[in-house]
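Numbering (our numbering), first residue to last: 206 to 497.
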């Protein structure tokens, strides 16, 4: 018993690392930092517990994605690690405004995680699982017919996925989609602007490169954005290019909200040209949870 108590005391004396706005499971982080630091996940609903303020380091995806209430709890002496953020300039400017001088962007590959999320969102859109789940959790439960909710369900097999961007997550998504017997098209945004692409990312041989973004939009049943936010990619999906989108297509964006024109996308959703949209990032912190 005393030995266990000593072990607990030693653990409590280690520096605290807090994960914010991330997956709750911290097993990998705990294993990597065993004997070096304690790791705890703090949900945004428990900001008042003062765990953030007592942390030596804070892990998050992007500082700009945090709600303002969470941003204000960060302290100047803390090490803020942004893992794979696509909005580095925005993060850095915000850190300066908050007086956070130890912000570091870590180039951690999240390609597999991103591809998994995109695939889950695609399946949710095609199989309408979000509507079925909502119906199951309603007061009526499974009473009554679910047939109306199943209208519009589609099979993955034979659909065309258009990927905008050339990144590791784009390649991982292409491999998954091909396994689902989809056809895969991709468009390199930097090549489309006349710049030489320095990307060494090679898509699977079955994926086909498109010469223009408009051609990709016109041919795709599903569009997924996988480009970093740069001057060339701000609102890369805008009202002009959306005129070419295939009627009934679905749009997925797990990157920066600034990659698309929200108003233009909303109009196409209301008008029925877009069959659905899944976003893991939208303008405003209140929308930072994935929704379909």
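Using N, Cα and C, we set each Cβ at its ideal position, and we do this for glycine too. Please read all numbers here as calculations on a predicted model, not as lab measurements.
Across which residues does DSSP place residue 458 in a beta bridge pair? The count along the chain shown starts at 1 and reaches residue 458 at position 253. According to DSSP, residue 458 bridges with 430, 484.
For residue 262, which residues does DSSP report across the bridge? Along the chain shown, one-based indexing puts residue 262 at 57. Answer is 222, 284.
DSSP three-state call for residue 271: helix, strand or coil? For the purposes of this step, residue 271 is identified with residue 66 of the chain shown, where counting begins at 1. Of the three classes helix, strand and coil, the one that applies to residue 271 here is coil, per DSSP.
Can you give the Cα-Cα distance for residue 470 and residue 482, rounded to whole angstroms? As a first step, residue 470 is located in the chain shown; it is residue number 265 there, counting from the start. As a first step, residue 482 is located in the chain shown; it is residue number 277 there, counting from the start. Each residue's alpha carbon lies about 8 Å from the other.
Looking at the unbroken alpha helix (DSSP H) that takes in residue 278, where does it start and where does it end? Position 73 of the chain shown, counted from the start, is the residue given in the question as residue 278. Element bounds for residue 278: n/a, residue is neither H nor E.
DSSP three-state label for residue 413, please. Locating residue 413 in the chain shown gives position 208, counting from the first residue. Of the three classes helix, strand and coil, the one that applies to residue 413 here is strand, per DSSP.
Counting only the same chain and skipping the five closest in sequence on each side, list residues whose C-beta sits under 7 Å from that of residue 453. Numbered from 1 along the chain shown, position 248 holds the residue referred to as residue 453. Excluding positions up to five away in sequence, the list reads 480.
Contact defined as beta carbons within less than 8 Å: I believe residue 431 pairs with residue 368. What is the distance between those atoms, to the nearest angstrom? Looking up residue 431 in the chain shown gives position 226. Looking up residue 368 in the chain shown gives position 163. Residue 431 to residue 368, Cβ: 6 Å. Contact.
Identity of the residues DSSP links to residue 408 by a beta bridge: Position 203 of the chain shown, counting from 1, holds the residue named residue 408. Residue 408 is not bridged to any residue.
What's the C-alpha gap between residue 498 and residue 463? This structure gives no information on residue 498, because the portion of the chain shown stretches from 206 to 497.
Considering only DSSP beta bridges, list what residue 308 is partnered with. Taking the first residue of the chain shown as position 1, residue 308 is located at position 103. 285.
Give the straight-line distance between the Cα atoms of residue 309 and residue 288, rounded to the nearest whole angstrom. Locating residue 309 in the chain shown gives position 104, counting from the first residue. Locating residue 288 in the chain shown gives position 83, counting from the first residue. So the two alpha carbons sit approximately 9 Å from each other.
In three-state DSSP terms, what is residue 228? For this step, residue 228 is matched to residue 23 along the chain shown. In this structure, residue 228 counts as coil in the three-state DSSP scheme.
With respect to the alpha helix (DSSP H) encompassing residue 377, which residues constitute its N-terminal and C-terminal limits? Against the chain shown, residue 377 aligns to sequence position 172. Looking at the DSSP string, the run of the alpha helix (DSSP H) that includes residue 377 is 373–384.
Apart from the five residues just before and just after residue 444, which ones in its own chain have a Cβ nearer than 7 Å to its Cβ? As a position in the chain shown, residue 444 is number 239, starting the count at 1. 466, 469, listed in sequence order.
In angstroms, rounded to a whole number, what distance separates the CA positions of residue 477 and residue 331? Position 272 of the chain shown, counted from the first residue, corresponds to residue 477. Position 126 of the chain shown, counted from the first residue, corresponds to residue 331. Answer to the nearest angstrom: the Cα atoms are 15 Å apart.
Rounded to a whole number of angstroms, what is the C-alpha to C-alpha distance between residue 316 and residue 260? As a working note, residue 316 is residue 111 in the chain shown. As a working note, residue 260 is residue 55 in the chain shown. Roughly 28 Å separates the two Cα atoms.
Excluding the five sequence neighbours on either side, which residues of its own chain have a C-beta within less than 8 Å of the C-beta of residue 242, listed in chain order? What you label residue 242 is simply residue 37 of the chain shown in a count that begins at 1. Excluding residues within five positions, the ones whose Cβ falls inside 8 Å are 219, 220, 221, 222, 261, 262.
Element boundaries [alpha helix (DSSP H), containing residue 476]: Within the chain shown, the letter at position 271 stands for residue 476. Per DSSP, residue 476 belongs to the alpha helix (DSSP H) from 467–476.
Do you know offhand how far residue 283's Cα is from residue 235's? Position 78 of the chain shown, counted from the start, is the residue given in the question as residue 283. Position 30 of the chain shown, counted from the start, is the residue given in the question as residue 235. Approximately 19 Å, taken between the alpha carbons.
Less than 7 Å between C-beta atoms, sequence neighbours within five positions excluded: which residues of the same chain meet that for residue 383? On the chain shown, position 178 is the one that residue 383 refers to. So the qualifying residues of the chain are 389, 409, 411.
Am I right that residue 334 and residue 328 are in contact with their C-beta atoms under 8 Å? What's the rounded C-beta distance? The residue labelled residue 334 in the question sits at position 129 within the chain shown. The residue labelled residue 328 in the question sits at position 123 within the chain shown. About 7 Å separates the two Cβ atoms, so the contact holds.
Please report the distance separating the alpha-carbon of residue 490 from that of residue 258. Along the chain shown, one-based indexing puts residue 490 at 285. Along the chain shown, one-based indexing puts residue 258 at 53. At residue 490 the pLDDT is 41, less than 50, meaning the model places this residue with poor confidence; the figure from the coordinates comes in the next sentence. Each residue's alpha carbon lies about 21 Å from the other.
For residue 378 and residue 433, which I take to be in contact (beta-carbon distance under 8 Å), what is that distance rounded to the nearest angstrom? Stepping through the chain shown from its first residue, residue 378 is reached at position 173. Stepping through the chain shown from its first residue, residue 433 is reached at position 228. Actually they do not touch by this definition, with Cβ atoms about 15 Å apart.
Let me confirm a value: residue 225 is counted as buried when at least 16 other C-beta atoms fall within 10 Å, else exposed. Which label applies? Residue 225 sits at position 20 when you count from the first residue of the chain shown. Buried.
Report buried or exposed for residue 274, applying the criterion of at least 16 other Cβ atoms within 10 angstroms of its Cβ. Numbered from 1 along the chain shown, position 69 holds the residue referred to as residue 274. Classification for residue 274: exposed.
Ordered along the chain, which non-local residues of its own chain (more than five positions away) have a Cβ less than 8 Å from that of residue 247? As a working note, residue 247 is residue 42 in the chain shown. 223, 224, 225, 254, 256, 257.
Can you check which of these residues, 407, 437, 231, 376, is closest to residue 245 by C-alpha distance? Residue 245 sits at position 40 when you count from the first residue of the chain shown. Looking at the Cα atoms, 231 is the closest of the given residues.
Give me, in chain order, the residues of the same chain whose beta-carbon lies closer than 8 Å to that of residue 414; leave out the 5 immediate sequence neighbours on both sides. Working through the chain shown from its first residue, we reach residue 414 at position 209. The answer, listed in chain order, is 390, 391, 392, 393, 408.
Let's test the definition: count the other Cβ atoms within 10 Å of the Cβ of residue 311 and tell me whether it reaches 16, buried, or not, exposed. Sequence index remark: in the chain shown, residue 311 carries index 106 (1-based). By the 10 Å Cβ count, residue 311 comes out exposed.
Check each candidate in 322, 279, 314 and name the one with the smallest Cα separation from residue 301. Here residue 301 corresponds to residue number 96 of the chain shown, with the count starting at 1. Here the closest residue by C-alpha is 279.
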